[in-house]
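Written out below as structure tokens is the structure these notes cover.
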Amino acid sequence: MRLAYLAMLVLYGQASHHIESCCRNRGVSETCSRALCRLDSPPGDIERYTIFEARTGCAHFLPEIAECIVDGRDSTECCRANAVQADESSCLGLCRGSPDGVNHWIRYQSCLAINLPSMYSCILSSHSNTPTPPQLMKIVSKTRNSVEIQWSAPAKYSELVHIYKVHVTETSGSKHEEVIHSTKQFSITLTNLKPDGKYSIFVVAHASELSRKSTPSDVLHFSTSVSDRVGVTYTSTLYVPQDATKATLACRLKMGVGAKMHMVWEKKIGSTYRRVDGSRFRITTYTSEDGPTVLVSALDIRALDSSDFGTYKCHVRGNGNDYGEVSSVFIPYHCLGMCDSNFELTTLIGSNCLEYESQVRQCQAEVLDMRPEAVSHLHTRAEADATVLSWDRSDKAEVGRHGFHGFPIPSQS
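Numbering (mature numbering (1 follows the signal peptide of the UniProt record, and there is no 0)), first residue to last: -15 to -1, 1 to 398.
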């Protein structure tokens, strides 16, 4: 019995070390990593309040902390069953790797103060008895009314998988209804789908005790339309001064049903993309005001180096997109709501952003002042097999390029 205890102690120690490393690599501060990323030693009664004071900033790291501590497992049922007070449940999303509920901070912190020890106990246990999500989700074949989906075994504890549950949701109409299929295989063929229908699919790995389950796999989105294109890419280019010390990229995407509120950013290295990681990079994801299924994510690059220039892409639960909007680089990531309504500015962090009001106004003035006027006196001239365009230079036209928009003109009958 003593040997078994020692073995579990070593295993839990390794899990906590791995989690703390994950938090630090995701940009979580040393203070917050030490307090919240050690599952075997959760914060004490008083620290559960002090660790979230404004001076520590730990509340801002909850999305990264949540992802790291669960490491692909969903312990929600255990957390709910062992909660000290069942009605204090607003923070239990943490058990599945989600910071949902943090916007109602007073209730959220009260929930943490009461339930955090039991939550961490459940999450720590899952690291030794629960598989991680299925990997490499892909569509093998598709027709107007069927699709074959394939995946590979989880990266950790694949031998514990008893069954895979495939969650299918039709997203075409206003009412999204989910159907769940079960299989022991690494693939499934779904039939009787609607022609020209739109669907989202993810897979969850369950152990023999079905409550021990992984978080959802990457979500696949597809249409049964024969003309459906696989993915749409949105691109934008960010220009920064040569002596810039930091930059911020932003991405706005619609996530699938069952996806976690987390985006992954990757940088193109050669012909492949590698995940952006390290203390110089901060990834912040918000729910857009357009609805709970629309996410806005910011990649903040600090100590900008020449090696940072290149192509980046973001994806939410498996969907790849190049980055979209560009945000101000002078305002901390958690205060971007002062600059753009797509970023959420909660009561919790709003008071900490008032000191940046003058910088926000300065940025707004500079953007308006630097924006070039429209060109004038546009002329065209036909030459052989080409058309030459010319125009008069506009005011404030220190720009690196001009954009051209062409429209077809219907022929006269």
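Note that the Cβ used here is the ideal one computed from N, Cα and C, for glycine as well.
When you compare the CB positions of His152 and Glu144, do they come within less than 9 Å of one another, or not?
Translated into the one-based positions of the sequence shown, residue 152 becomes position 167. Translated into the one-based positions of the sequence shown, residue 144 becomes position 159. No; because the gap between Cβ atoms is not below 9 Å, this pair is not in contact.
Suppose contacts are defined by Cβ-Cβ distances below 9 Å. Is Phe207 in contact with Lys183 by that definition?
Walking along the sequence shown from the start, residue 207 turns up at place 222. Walking along the sequence shown from the start, residue 183 turns up at place 198. Using a Cβ distance threshold of 9 Å, Phe207 and Lys183 count as a contacting pair.
Taking the beta carbon of Ala283 as the centre, do at least 16 other beta carbons fall within 10 Å, making it buried, or is it exposed?
Within the sequence shown, residue 283 is the residue found at index 298, counting from 1. Flag for Ala283 reads buried.
To the nearest angstrom, how far is it from the Cα of Ile4 to the Cα of Leu21?
Taking the first residue of the sequence shown as position 1, residue 4 is located at position 19. Taking the first residue of the sequence shown as position 1, residue 21 is located at position 36. Taking the Cα positions, Ile4 is about 10 Å away from Leu21.
When you compare the CB positions of Lys150 and Val189, do they come within less than 9 Å of one another, or not?
By 1-based counting over the sequence shown, the position of residue 150 is 165. By 1-based counting over the sequence shown, the position of residue 189 is 204. For Lys150 and Val189, yes; Cβs fall inside 9 Å.
Have a look at Asp85 and Ser361 and give me their C-alpha separation to the nearest angstrom.
For the purposes of this step, residue 85 is identified with residue 100 of the sequence shown, where counting begins at 1. For the purposes of this step, residue 361 is identified with residue 376 of the sequence shown, where counting begins at 1. Approximately 51 Å between the Cα atoms of the pair.
Cα-Cα separation, Pro28 to Ser18:
As a position in the sequence shown, residue 28 is number 43, starting the count at 1. As a position in the sequence shown, residue 18 is number 33, starting the count at 1. Cα atoms of Pro28 and Ser18: separation of roughly 11 Å, rounded to the nearest angstrom.
Counting only the same chain and skipping the five closest in sequence on each side, list residues whose C-beta sits under 8 Å from that of Ser110.
Counting from one through the sequence shown, the residue named residue 110 turns up at place 125. Result list for Ser110: Ser60 and Cys63, in chain order.
Closest residue to Cys236 among Asp228, Thr230, Val249 and Ala229 (Cα-Cα distance)
As a first step, residue 236 is located in the sequence shown; it is residue number 251 there, counting from the start. Proximity to Cys236 across Asp228, Thr230, Val249 and Ala229 peaks at Val249, based on C-alpha coordinates.
Where the alpha helix (DSSP H) containing Tyr142 begins and where it ends
Sequence index remark: in the sequence shown, residue 142 carries index 157 (1-based). If you look at Tyr142, you'll find it isn't in any alpha helix (DSSP H); DSSP assigns it neither H nor E.
By the 10 Å Cβ neighbour count, where 16 or more other Cβ atoms means buried, how is Ser312 classified, buried or exposed?
Position 327 of the sequence shown, counted from the first residue, corresponds to residue 312. Legend: pLDDT at Ser312 = 35, less than 50; position of this residue unreliable, value from coordinates given subsequently. Classification of Ser312: buried, given that the 10 Å Cβ count is 16 or more.
Could you compute how far the alpha carbon of Phe266 sits from the alpha carbon of Val55?
Within the sequence shown, numbered from 1, the residue matching residue 266 stands at position 281. Within the sequence shown, numbered from 1, the residue matching residue 55 stands at position 70. Distance from the CA atom of Phe266 to the CA atom of Val55, rounded to whole angstroms, is 21 Å.
Express the C-alpha separation of Thr154 and His161 in angstroms, rounding to a whole number.
Position 176 of the sequence shown, counted from the start, is the residue given in the question as residue 161. Position 169 of the sequence shown, counted from the start, is the residue given in the question as residue 154. Near 6 Å, if we compare the C-alpha coordinates of Thr154 and His161.
Taking a contact to mean a Cβ-Cβ separation below 9 Å, would you say Ile148 touches Ile173 in this structure?
As a working mapping, residue 148 is identified with position 163 in the sequence shown. As a working mapping, residue 173 is identified with position 188 in the sequence shown. No; because the gap between Cβ atoms is not below 9 Å, this pair is not in contact.
Threshold first: 3 residues or longer. Then list the beta strand (DSSP E) segments lying entirely within the stretch 4 to 87, N to C.
You should have found no qualifying run.
Residue range of the beta strand (DSSP E) that includes Ser126:
By one-based count along the sequence shown, residue 126 stands at place 141. Taken as a continuous stretch (DSSP letters only), the beta strand (DSSP E) holding Ser126 covers Gln120 to Lys127.
For a quick check, are the C-beta atoms of Cys80 and Leu97 less than 9 Å apart?
Locating residue 80 in the sequence shown gives position 95, where the first residue counts as 1. Locating residue 97 in the sequence shown gives position 112, where the first residue counts as 1. Not in contact: Cys80 and Leu97 (Cβ atoms no closer than 9 Å).
Could you tell me whether the Cβ atoms of Ala68 and Asn114 are closer together than 9 Å?
Counting from 1 along the sequence shown, the entry for residue 68 is found at position 83. Counting from 1 along the sequence shown, the entry for residue 114 is found at position 129. Using a Cβ distance threshold of 9 Å, Ala68 and Asn114 do not count as a contacting pair.
Please state the DSSP three-state secondary structure of His191.
Numbered from 1 along the sequence shown, position 206 holds the residue referred to as residue 191. Reduced to three states, the DSSP call for His191 is strand.
Start-to-end residues for the alpha helix (DSSP H) that takes in His206:
On the sequence shown, residue 206 is found 221 positions in, with the first residue counted as 1. It is not in any alpha helix (DSSP H) - His206 instead sits in the beta strand (DSSP E) that spans Leu205 to Ser208.
Leu234, buried or exposed, once every other Cβ within 10 Å from all chains shown has been counted against 16
The residue labelled residue 234 in the question sits at position 249 within the sequence shown. Around the beta carbon of Leu234, 16 or more other beta carbons lie within 10 angstroms, which makes this residue buried.
Nearest to Ala288 by alpha carbon, out of Glu32, Gly263 and Tyr297?
Taking the first residue of the sequence shown as 1, we reach residue 288 at position 303. With distances taken between Cα atoms, Ala288 lies closest to Gly263.
From what residue to what residue does the beta strand (DSSP E) around Leu363 run?
The residue you call residue 363 lines up with position 378 of the sequence shown. Run containing Leu363: Ser361 to Glu368, per the beta strand (DSSP E) assignment.
Locate the alpha helix (DSSP H) running through Ala98, then write down its first and last residues.
Along the sequence shown, one-based indexing puts residue 98 at 113. Looking at the DSSP string, the run of the alpha helix (DSSP H) that includes Ala98 is Trp90 to Asn114.
Going by DSSP in three states, residue 464 sits in which element: helix, strand or coil?
The first residue shown for the chain is -15 and the last is 398, placing residue 464 beyond what the model contains.
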